[in-house]
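Residue numbers (the working numbering): 1335 to 1632.
Read the structure below first, then the notes.
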């Protein structure tokens, strides 16, 4: 196909960041500036790259940002106490626990010590349980699944009710919360894992396919159909740059696809900072501004 639609996230990301900047400008008049902290506890090089990318964006927005690296030898107690201390600090308004953690650490246990109102990546059990219960307006939604859902809405003229979507990858940060978020919008969801059989036949009747595993070349052209919309949320760092989970040939078959880079990523970054704004409003007892919520009712 030569008329495949590229679903890009940059345009909406620009709108989101404009509203974030407006909120920051208003707070600056009160002599208030939010402070974000990324907590690392591993030797994973990708985590370092992601944390520094967040730092660059924060610098452009004028947000106070710091990376707290506990090292790969951190104990569970050190990590838990750090998250509890940051959660209790009135000078910290957003906390990000960078995954994956070192092998000796348990992310589920650690997230129990992170305040849900400061969890700007929406991954604490308190936020996820409310999300699973359909109470989206009371939580901070995970930015990547939210970006995926918006781009799906864009592909289907803003109406996902009754659509069939296969989600490849039951990961904690994307796949699992995305299943709930799509269900909340009336989508019939099929969750695909490494044990799923006959993937090509399973995908055939789907309206869309979301792939979010982090494995280059996982989704191939012979597995997709011309009517499919493909949202590629995979990130794989290669010698020639960043690529997704779908092979380049997939874009020649399907009707629409997100490019990597340039699709899910830019919007995810912007939505994280929108979560920062909402986190501050929750901590200050304010309500989320309606125009900001409506902009990405994703």
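Glycine residues also receive a C-beta, built at the ideal position from the N, C-alpha and C atoms.
Assign residue 1392 to one of two classes, buried (16 or more other C-beta atoms within 10 Å of its C-beta) or exposed (fewer than that). For the purposes of this step, residue 1392 is taken as residue 58 along the chain shown, with counting starting at 1. Classification for residue 1392: buried.
Between the Cα of residue 1342 and those of 1602, 1552, 1593, spot the shortest distance and give me the residue it belongs to. Here residue 1342 corresponds to residue number 8 of the chain shown, with the count starting at 1. It is 1593 whose Cα lies nearest to the Cα of residue 1342.
How should residue 1609 be labelled, buried or exposed, when 16 other C-beta atoms within 10 angstroms of its C-beta is the threshold for buried? Counting from 1 along the chain shown, the entry for residue 1609 is found at position 275. Answer is buried; the Cβ neighbour count reaches 16.
Could you check if residue 1316 is buried or exposed, using at least 16 other CB atoms within 10 Å of its CB as the buried criterion? With the chain covering 1335 to 1632 only, the question about residue 1316 has no answer from this structure.
Please state whether the Cβ-Cβ distance between residue 1495 and residue 1542 is less than 9 Å. Your numbering for residue 1495 matches position 161 in the chain shown. Your numbering for residue 1542 matches position 208 in the chain shown. No.
Measuring only from the beta carbon, is residue 1458 closer than 8 Å to any heavy atom that is part of the ligand ADP? Ligands in the displayed structure: none, and consequently the ligand ADP is not present.
What are the residues that DSSP puts in a beta bridge with residue 1439? What you label residue 1439 is simply residue 105 of the chain shown in a count that begins at 1. Answer is none; residue 1439 lacks a bridge partner.
Can you name, in chain order, every residue of its own chain whose Cβ lies under 6 Å from the Cβ of residue 1344, other than the five neighbours on each side? Stepping through the chain shown from its first residue, residue 1344 is reached at position 10. Taken in chain order, the residues that qualify are 1600.
Beta strand (DSSP E) runs contained entirely in the region 1366 to 1448, provided each spans 3 or more residues: 1369 to 1374, 1398 to 1403, 1428 to 1431
Buried/exposed call for residue 1590, threshold 16 Cβ in 10 Å: Indexing the chain shown from 1 puts residue 1590 at position 256. Buried, by the Cβ-count rule.
According to DSSP, simplified to helix, strand and coil, what is residue 1629? Taking the first residue of the chain shown as position 1, residue 1629 is located at position 295. Low confidence applies to residue 1629: its pLDDT is 46, below 50, so where it sits in the model is not reliable, and the reading given next is rough at best. Of the three classes helix, strand and coil, the one that applies to residue 1629 here is helix, per DSSP.
Nearest candidate by alpha-carbon position, reference residue 1570, set 1347, 1381, 1353: Against the chain shown, residue 1570 aligns to sequence position 236. Measuring from the Cα of residue 1570, the nearest candidate turns out to be 1381.
Just to check my reading of the structure: residue 1332 and residue 1523 have Cβ atoms closer than 8 Å, yes? What is that Cβ distance to the nearest angstrom? Because the chain is modelled from 1335 through 1632, residue 1332 falls outside the range shown and cannot be assessed.
Report all residues from its chain with a CB closer than 6 Å to the CB of residue 1339; omit the five preceding and five following residues, and keep chain order. Translated into the one-based positions of the chain shown, residue 1339 becomes position 5. The answer, listed in chain order, is 1590.
Among 1550, 1448, 1444, 1555, the one whose alpha carbon lies nearest that of residue 1573: Here residue 1573 is taken as the residue at index 239 of the chain shown, counted from 1. Of the listed residues, the one whose Cα sits closest to residue 1573 is 1550.
In three-state DSSP terms, what is residue 1572? Position 238 of the chain shown, counted from the first residue, corresponds to residue 1572. Residue 1572: strand per DSSP, three-state reduction.
My understanding is that residue 1580 touches residue 1508, with C-beta atoms under 8 Å, so please give their C-beta distance in whole angstroms. Counted from its first residue, the chain shown places residue 1580 at position 246. Counted from its first residue, the chain shown places residue 1508 at position 174. Actually they are not in contact, since the Cβ atoms of residue 1580 and residue 1508 sit about 15 Å apart, beyond 8 Å.
Residue 1458 versus residue 1441 - alpha carbon distance: Working through the chain shown from its first residue, we reach residue 1458 at position 124. Working through the chain shown from its first residue, we reach residue 1441 at position 107. Each residue's Cα considered, the two are about 9 Å apart.
Straight-line gap, residue 1387 to residue 1414 (C-alpha atoms, nearest Å): As a position in the chain shown, residue 1387 is number 53, starting the count at 1. As a position in the chain shown, residue 1414 is number 80, starting the count at 1. Cα to Cα, residue 1387 sits roughly 25 Å from residue 1414.
Using a Cβ distance threshold of 8 Å, determine whether the region 1443 to 1462 contacts the region 1392 to 1409, with at least three qualifying pairs required. no
Which residue or residues does DSSP assign as beta-bridge partners of residue 1500? Taking the first residue of the chain shown as 1, we reach residue 1500 at position 166. Looking at the DSSP assignment, residue 1500 forms a beta bridge with 1524, 1543.
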